[in-house]
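Line order of the protein sequences matches chains A and B.
Quick note on our numbering: the first sequence kicks off at 14 and runs consecutively.
Quick note on our numbering: the second sequence kicks off at 14 and runs consecutively.
There are 2 protein chains.
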Amino acid sequence: MPELRADARRNRDELLDVARQVIREEGVDASLRDIARRAGVGIGTLYRHFPTREALLGAIIGDGVRRLSARAADLSATRAPGEALEEWLTDVARRIGTYRGLPGTMLELVWDLEAGDKDLRVTCGDMMDAGRRLLARAQADHAVRPDVTFDDVFIAVAAISGIAHKSGPDPAARVLAVYLDGLRSAGATRS
Amino acid sequence: MPELRADARRNRDELLDVARQVIREEGVDASLRDIARRAGVGIGTLYRHFPTREALLGAIIGDGVRRLSARAADLSATRAPGEALEEWLTDVARRIGTYRGLPGTMLELVWDLEAGDKDLRVTCGDMMDAGRRLLARAQADHAVRPDVTFDDVFIAVAAISGIAHKSGPDPAARVLAVYLDGLRSAGATRS
DNA sequence: AGAATATGCGGAGCGGTGCTCCGTATGCAT
DNA sequence: ATGCATACGGAGCACCGCTCCGCATATTCT
Chain A
14 MPELRADARR NRDELLDVAR QVIREEGVDA SLRDIARRAG VGIGTLYRHF
64 PTREALLGAI IGDGVRRLSA RAADLSATRA PGEALEEWLT DVARRIGTYR
114 GLPGTMLELV WDLEAGDKDL RVTCGDMMDA GRRLLARAQA DHAVRPDVTF
164 DDVFIAVAAI SGIAHKSGPD PAARVLAVYL DGLRSAGATR S
Chain B
14 MPELRADARR NRDELLDVAR QVIREEGVDA SLRDIARRAG VGIGTLYRHF
64 PTREALLGAI IGDGVRRLSA RAADLSATRA PGEALEEWLT DVARRIGTYR
114 GLPGTMLELV WDLEAGDKDL RVTCGDMMDA GRRLLARAQA DHAVRPDVTF
164 DDVFIAVAAI SGIAHKSGPD PAARVLAVYL DGLRSAGATR S
């Protein structure tokens with residue numbers, strides 16, 4: 014990293030600030046031109062700092078994602094396995110649900126391992142590994158049915174968290190609660 | 014309905030045919046210009062037949078939605094309450110998941126009762142009423158926890174069905190199965 | 001201090017989008 | 001065959017994502 018010039022640093026920060034707000038309100042498909050405009054910079058400047066939409070998104074959520082990795086370790090050390098997983102998933106849902114449209118992006122990220130931004134995937138990789146350990150621990154403790162994979166669980170939480178911006182946070186929380194109950198159930202008990 | 018002119022009728026049908034295919038592949042945000050082009054028709058013609066995107070969407074899925082209403086009545090008459098509901102929800106998920114992006118549209122439809130196309134809402138209204146009855150019956154039979162509303166359940170199924178186009182149909186089905194297990198569980202058993 | 005250089009900036013420009021509007025063509029009834 | 005209602009097509013407007021390059025300015029060197 015060859016040290017940013019002072020004005021560049023300022024612009025980058027302002028851009029990130031504005032983008033966070035705009036994307037929260039308008040969604041991941043928000044107009045980049047508009048973000049640049051509101052930040053008081055040219056469109057070219059935005060694209061130089063963040064060459065792709067995913068790069069911008071990655072810069073925006075990077076912090077939160079890292080926080081989630083840390084949170085997983087913390088919960089793992091201080092809570093019962095099942096409780097730790099549930100608490101963490103609830104956190105994940107809350108964080109992903111913050112930015113409109115982000116759930117869809119996360120869904121694609123999990124499945125289509127080739128597409129999307131490298132950095133974003135690497136950052137998220139750490140978090141997903143942390144979650145994977147949490148699930149394994151919960152399953153070993155028989156707190157969670159054994160017939161689910163972490164990818165499935167993560168996908169589910171991402172999809173459910175998308176409800177928040179379309180139907181409000183309360184419905185999203187209620188749906189997640191039901192899903193978590195399903196996770197706790199024995200599973201494969203279909204007659 | 015003042016009887017369409019012959020060419021108008023042809024164009025409408027062709028438009029609907031093409032739109033169905035394109036929207037299945039590209040999603041509800043597909044280019045309308047492109048649809049018109051592929052149907053061999055001017056963009057103006059498309060907009061005259063379907064003044065809004067929702068109008069087109071409504072015309073596309075209207076049939077399937079009505080089929081779901083009928084299916085609900087059928088299941089209610091031939092299956093046990095719990096079974097009927099689950100079968101129906103699975104059907105709903107399969108149908109909604111057919112068109113990429115439709116789950117999101119349905120989510121908005123349920124919550125934001127003011128927005129969206131009138132016709133679409135009316136058509137869906139019948140289907141939702143049918144589903145509501147199915148849920149009530151299942152709850153009366155203690156096959157489904159009493160602390161969920163139909164809106165919550167429908168929202169959940171819509172959100173989960175969105176997984177299909179992002180991560181494949183199998184993950185979507187597995188997630189739905191877990192949610193349905195949660196629906197069957199007693200509920201409100203959180204320590 | 002001033003000059004030289006490297007770095008970052010802005011926005012014109014391209015091809016696309018949604019959507020409107022209206023002159024023109026055509027099916028249909030007479 | 002004529003006349004009219006109906007339907008058609010696409011130009012036009014404002015916006016979008018994204019690229020490219022001449023110009024301004026922060027920084028470094030003398």
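All C-beta atoms in this analysis are idealised placements derived from N, C-alpha and C, irrespective of residue type, glycine included.
In this text the structure is predicted, and so the values were computed from the model without any measurement.
Item: Supposed close pair residue 73 of chain B, residue 33 of chain B - CB separation, criterion 8 Å; Value: 5 Å
Item: CB contact check: residue 146 of chain A to chain B, cutoff 8 Å; Value: no
Item: Chain-ordered residues of the region 174-187 of chain B with a beta carbon less than 8 Å from chain A; Value: 175, 176, 179, 180, 181, 184, 187
Item: Simplified DSSP state of residue 17 of chain B, which is helix, strand or coil; Value: coil
Item: Nearest residue (CA-CA) to residue 113 of chain B, options B:38, B:144, B:20; Value: B:38
Item: Proximal residues to residue 192 of chain B (C-beta, below 7 Å), its chain only, five neighbours per side dropped; Value: 169, 173
Item: DSSP three-state assignment for residue 203 of chain A, whether helix, strand or coil; Value: Caution applies to residue 203 of chain A, whose pLDDT of 47 falls short of 50 and renders its modelled position unreliable; the model cannot decide the point.
Item: Exposed unless 16 or more other CB atoms sit within 10 angstroms - verdict on residue 57 of chain A; Value: exposed
Item: Where residue 168 of chain B meets chain A, residues with beta-carbon distance less than 7 Å; Value: 176, 180, 184, 188
Item: Sub-8 Å separation of residue 82 of chain B and residue 140 of chain B beta-carbons; Value: yes
Item: Contact with chain A by residue 121 of chain B, beta-carbon distance below 8 Å; Value: yes
Item: Coil, strand or helix - residue 110 of chain A by DSSP; Value: coil
Item: Residues that residue 198 of chain A contacts on chain B, provided the C-beta gap is smaller than 9 Å; Value: 191, 194, 195, 197, 198
Item: Rounded Cβ spacing between residue 196 of chain A and residue 157 of chain A (contact assumed at less than 8 Å); Value: 5 Å
Item: Range of the contiguous alpha helix (DSSP H) that encloses residue 89 of chain B; Value: 66-91
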